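**Q** Here it is, the structure in full.
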Amino acid sequence: MSQWSQVQQLEIKFLEQVDQFYDDNFPMEIRHLLAQWIESQDWESAANNEAMAMILLQNLIIQVDEQLDRVSQEKNLLLIHNLKRVRKLLQGKYHGNPMHIAVIISNCLREERRILAAASMPVQGPLEKSLQSSVVSERQRNVEHKVSAIKNSAQMTDQDVKYLEDLQEEFDFRYKTIQSLEQNDKNSALIKQEMLALQAMLNTLDYKRKEVLSKIGRVIHEIDVLMSNMLTEELLDWKRRQQIACIGGPLHGGLDQLQNCFTLLAESLFQVRRQLEKLDELLTRLTYDGDPIPVQRPQLLEKVNFLLYNLFRNSFVVERQPCMPTHPQRPMVLKTLIQFTVKLRLLIKLPELNYQIRVKATIDNNRRFVLCGTHVKAMNMDESANGSLSVEFRHLQPKEMKTSAGSKGNEGPHMVTEELHSISFETQVCLYGLTINLETSSLPVVMISNVSQLPNAWASIIWYNLSTNDPQNLSFFNNPPAATLSQLLEVLSWQFSSYVGRGLNSEQLNMLAEKLMGQQVSYNDYQLSWAKFCKEHLPGKSFTFWVWLEAILDLIKKHILPLWIDGYIMGFVSKEKERILLKDKTPGTFLLRFSESNLGGITFTWVDQRENGDVAFHSVEPYNKGRLSALPFADILRDYKVIMADNVPENPLKYLYPDIPKDKAFGKHYSCQPNEVSKPSDGGGKGYVPSVFIPVSKIFNDSTEPHSPSDLLPMSPSVYAVLREHLSPTAIETAVSCKLPHS
Numbered sequence: 001m002s003q004w005s006q007v008q009q010l011e012i013k014f015l016e017q018v019d020q021f022y023d024d025n026f027p028m029e030i031r032h033l034l035a036q037w038i039e040s041q042d043w044e045s046a047a048n049n050e051a052m053a054m055i056l057l058q059n060l061i062i063q064v065d066e067q068l069d070r071v072s073q074e075k076n077l078l079l080i081h082n083l084k085r086v087r088k089l090l091q092g093k094y095h096g097n098p099m100h101i102a103v104i105i106s107n108c109l110r111e112e113r114r115i116l117a118a119a120s121m122p123v124q125g126p127l128e129k130s131l132q133s134s135v136v137s138e139r140q141r142n143v144e145h146k147v148s149a150i151k152n153s154a155q156m157t158d159q160d161v162k163y164l165e166d167l168q169e170e171f172d173f174r175y176k177t178i179q180s181l182e183q184n185d186k187n188s189a190l191i192k193q194e195m196l197a198l199q200a201m202l203n204t205l206d207y208k209r210k211e212v213l214s215k216i217g218r219v220i221h222e223i224d225v226l227m228s229n230m231l232t233e234e235l236l237d238w239k240r241r242q243q244i245a246c247i248g249g250p251l252h253g254g255l256d257q258l259q260n261c262f263t264l265l266a267e268s269l270f271q272v273r274r275q276l277e278k279l280d281e282l283l284t285r286l287t288y289d290g291d292p293i294p295v296q297r298p299q300l301l302e303k304v305n306f307l308l309y310n311l312f313r314n315s316f317v318v319e320r321q322p323c324m325p326t327h328p329q330r331p332m333v334l335k336t337l338i339q340f341t342v343k344l345r346l347l348i349k350l351p352e353l354n355y356q357i358r359v360k361a362t363i364d365n366n367r368r369f370v371l372c373g374t375h376v377k378a379m380n381m382d383e384s385a386n387g388s389l390s391v392e393f394r395h396l397q398p399k400e401m402k403t404s405a406g407s408k409g410n411e412g413p414h415m416v417t418e419e420l421h422s423i424s425f426e427t428q429v430c431l432y433g434l435t436i437n438l439e440t441s442s443l444p445v446v447m448i449s450n451v452s453q454l455p456n457a458w459a460s461i462i463w464y465n466l467s468t469n470d471p472q473n474l475s476f477f478n479n480p481p482a483a484t485l486s487q488l489l490e491v492l493s494w495q496f497s498s499y500v501g502r503g504l505n506s507e508q509l510n511m512l513a514e515k516l517m518g519q520q521v522s523y524n525d526y527q528l529s530w531a532k533f534c535k536e537h538l539p540g541k542s543f544t545f546w547v548w549l550e551a552i553l554d555l556i557k558k559h560i561l562p563l564w565i566d567g568y569i570m571g572f573v574s575k576e577k578e579r580i581l582l583k584d585k586t587p588g589t590f591l592l593r594f595s596e597s598n599l600g601g602i603t604f605t606w607v608d609q610r611e612n613g614d615v616a617f618h619s620v621e622p623y624n625k626g627r628l629s630a631l632p633f634a635d636i637l638r639d640y641k642v643i644m645a646d647n648v649p650e651n652p653l654k655y656l657y658p659d660i661p662k663d664k665a666f667g668k669h670y671s672c673q674p675n676e677v678s679k680p681s682d683g684g685g686k687g688y689v690p691s692v693f694i695p696v697s698k699i700f701n702d703s704t705e706p707h708s709p710s711d712l713l714p715m716s717p718s719v720y721a722v723l724r725e726h727l728s729p730t731a732i733e734t735a736v737s738c739k740l741p742h743s
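Numbering follows full-length UniProt numbering, in which position 393 of the sequence shown is assigned residue number 393; successive positions increment by one, without gaps.
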């Protein structure tokens, strides 16, 4: 079943989450029509390879054209219209930046996998619950409603200012008309009546001036309150969601909504500023004793400028945190002399600012590192698919400076992976007589000089962003706080859902909790130290918990990904729990688990029954990446043989726990079916018979311990079948024993 088919079967609450990240940048109808083709492409690699991304974009357009031909024959007018619009979008927005569409599709597929994983979990974790609370959603709606109301109020005040201007012009005309009369004419009763009317008009002008100033004051106050409370909270929440998304959590959204709010508020403030300028203009033409404009206008203008300064400063954000294209799912870990990308956005989207703001990137001021490459660029609305005012640095490289003695600084593993740095950005906005200096910084990054340091560096990034919402605590690891185990387990599950497409269930998380705590207790409020997570070796082992877990992630990603995504690898289960699960099962029932003693190893254990009726358990030595590079794991499970004393080799693996026939579970992942293997008489390449490796183990009847593993024998299945026809079991055993080490 395709991933998209699984998504369509989700409950409505999960479908609503899916709906949030499909928009005009990547329309859902294309995801639906091209589901299988989209899922069969390597968008993740294309996101870091421009040539590959361009090929995929061209192929995507070809796929859209084929769908367009099909629906044209069906005369589906609505779909024809939508597909033409999508084709125009793909060609227009992404032709100059094909990697952007690859990033978008890769993120969408990743988020689908995360949601599928979350849907399979019995409950949401505490972090995800906090990010999706009804209180947050209600505040978002309130902010949007209040911003809209403020914009309307500012526009209504525009009409009041225009009325005031018209009234003053009429007053000015009538007053100048009287002033132009001869002195004798001014004493007439008609003129005296006109003077009374002018006095009444002046009173009205005074009232209207006070009313306009009052309305302007209310708009300014409403903006001030909104910025100080709800909008600030919204921005902080978005930044927190970005932190969580960076370590594998739910894909963060809401920046477009924030941009809309910031832009509307900026437009309202500039509108109020123009209204105050108009009042100043009216003041120069007419003033009087008790005139409210010279008293109130300077204070209101000062407040407007203050709010504009703060609004612009808060609107300058890092939209996409620093990330090496070679490791898109490990952001904020930067390797010296390797390019990284980072994207900034100004949430105030005004056409007047397009290409007018130049942003400079620097690294923190300890002078240990410098940034090489293009570090000054102009913000524009053309490069982003959604037309936002942004800038993306794509060719920055951190370089370590030499010390005065001519050697590089200390690059010990602990110092490097726990030392935090910050990428800073500065610019200046000049608009309508205002000059505003803007500064922002990335989340803390970790510099590494060797890719072998990446796992520990990533652990530092996880721990920091899990433990604090402070965006700039560079001394965090001087005294790192403990983390709540329940939240840490949730983040560990995200590592699996984001990196290898399937998160961890409650039983798997329980096993990890026991491994971290060393005992079986309730872990909801358990506090785990940074040292126990990443620095202290596991009991009796030569590696830490995190190194062990990272090796498993790497093993899954490179060698057993389809089996993991299908959910057939139990993985995290202790030897003791394994035997409890298998002891009452049909002989030949097996399960797959990750090795606790070997880094990056996977093994299988099956249950058997001895002649005396006792239950026996057999486990093979874990398969590591070296052995799995030679033979796919699904083929190992299919072809695995054991030789009991005086018996013919046979495959003991019958049912995947609890009772799934082995071929039903893994059949689609076999590299070839047994009946597709050539017989010895068939001609292979250059006259050779095609052969495969067959894993074989030997078990002695008196053995009470799990046996040692097999070597891989270069024997084709067809040759093995012929041997069984012509040789006795004893002869086969003798031949195989010459190849096998005894346990």
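C-beta atoms are modelled at their ideal positions from N, C-alpha and C, and glycine is treated no differently.
Predicted model, so just to flag it, every value in this text is computed and none were measured.
(1) Measure the alpha-carbon distance for K583 versus P481 and round it to whole angstroms.
(2) In the DSSP assignment, find the unbroken beta strand (DSSP E) run with H618 in it and report its ends.
(3) Touch check for the region 588-602 and the region 556-572: three-plus C-beta pairs under 8 Å?
(4) Spatial neighbours of L34 within its chain, please: C-beta separation below 8 Å, excluding the five flanking residues on both sides.
(5) Jot down the residue ranges of each uninterrupted alpha helix (DSSP H) in the region 30-108, minimum 4 residues, whole runs only, in chain order.
(6) Between the alpha carbons of E621 and V143, how many angstroms are there, rounded?
(7) How should V500 be labelled, buried or exposed, when 16 other C-beta atoms within 10 angstroms of its C-beta is the threshold for buried?
(8) Quick check for students: name the residue ranges of the beta strand (DSSP E) that lie wholly in the UniProt domain "SH2" (564-666), counting only runs of 3 or more.
(9) Pick out whichever of D69, Y94, V71, I105 has its Cα sitting closest to the Cα of S40.
(10) Tell me which same chain residues have a C-beta within less than 7 Å of the C-beta of G217, skipping the five on either side of it?
(11) Are the region 442-452 and the region 421-429 touching, with three or more C-beta to C-beta distances below 8 Å?
(12) Quick one: is L56 buried, meaning 16 or more other Cβ sit within 10 Å of its Cβ, or exposed?
(13) Relative to the C-alpha of Q271, which residue among I552, L235, V219 is closest?
(14) Could you name the residues of the same chain whose beta carbon sits closer than 6 Å to that of T704, not counting the 5 residues immediately before and after it, in chain order?
(15) Using CA coordinates, which residue listed in L279, Y432, A119 is at the minimum distance from residue 744?
(16) Grouping DSSP H, G and I as helix and E and B as strand, with all else coil, what is N305?
(17) What are the boundary residues of the beta strand (DSSP E) that includes E439?
(18) Which residue marks the beginning of the beta strand (DSSP E) containing P398, and which one marks its end?
(19) Rounded to whole angstroms, how far is the Cβ of F617 from the Cβ of V607, which I believe are closer than 8 Å?
(20) Would you list the one or two residues that DSSP bridges to H537?
(21) Could you check what DSSP says for P695 in three-state terms: helix, strand or coil?
(22) Between D554 and the rest of its own chain, which residues show a CB-CB distance below 8 Å, the 5 nearest in sequence each way excluded?
(23) On the DSSP letters alone, give me the boundaries of the beta strand (DSSP E) that P27 sits inside.
(24) Tell me whether Q472 sits in a helix, a strand or coil according to DSSP, three-state version.
(25) Leaving out the 5 sequence neighbours to the left and right, which residues in its chain are closer than 7 Å to K399 when beta-carbon positions are compared?
(26) Please go through the region 135-182 and give each complete beta strand (DSSP E) segment of 3 or more residues, from N-terminal end onward.
(27) Among the candidates L431, I348, L344, L438, whose CA atom is the shortest distance from the CA of R394?
(28) From the DSSP output, in three-state form, read off F14 for me.
(29) With H, G and I counted as helix, E and B as strand and the rest as coil, what does DSSP make of I423?
(30) Whole angstroms is fine: what's the gap from L198's alpha carbon to I178's?
(31) Which stretch, first to last residue, makes up the alpha helix (DSSP H) that contains R358?
(32) Hey, would you say V333 sits closer than 8 Å to A457, going by beta carbons?
(33) Quick one, are the C-beta atoms of P250 and R114 less than 8 Å apart?
(34) For the alpha helix (DSSP H) that Q193 lies in, which residues bound it at each end?
(35) Report, in whole angstroms, the separation of the C-beta atoms of T468 and F476, which I expect to be a contact under 8 Å.
(36) In this structure, how does DSSP classify Q321 when only helix, strand and coil are distinguished?
**A** So, from the listed chains and residues:
(1) 43 Å
(2) 615-619
(3) yes
(4) L60, Q63, V64, Q67
(5) 35-39, 43-46, 50-74, 77-94
(6) 59 Å
(7) buried
(8) 589-594, 602-609, 615-619, 641-644
(9) I105
(10) L300
(11) yes
(12) buried
(13) V219
(14) Caution applies to T704, whose pLDDT of 41 falls short of 50 and renders its modelled position unreliable; the value that the coordinates give is listed next. Counting only Cβ-Cβ distances below 6 Å, and skipping sequence neighbours, we find nothing.
(15) Not covered by the structure: residue 744. The range shown for the chain is 1 to 743.
(16) helix
(17) 434-441
(18) 389-400
(19) 6 Å
(20) T544
(21) strand
(22) G600, K625
(23) No beta strand (DSSP E) contains P27, which DSSP labels as neither H nor E.
(24) coil
(25) T336, L337, F369, V370, C372
(26) none
(27) L344
(28) helix
(29) strand
(30) 10 Å
(31) From DSSP, R358 is part of no alpha helix (DSSP H) but of the beta strand (DSSP E) over 358-363.
(32) yes
(33) yes
(34) 189-226
(35) 7 Å
(36) strand
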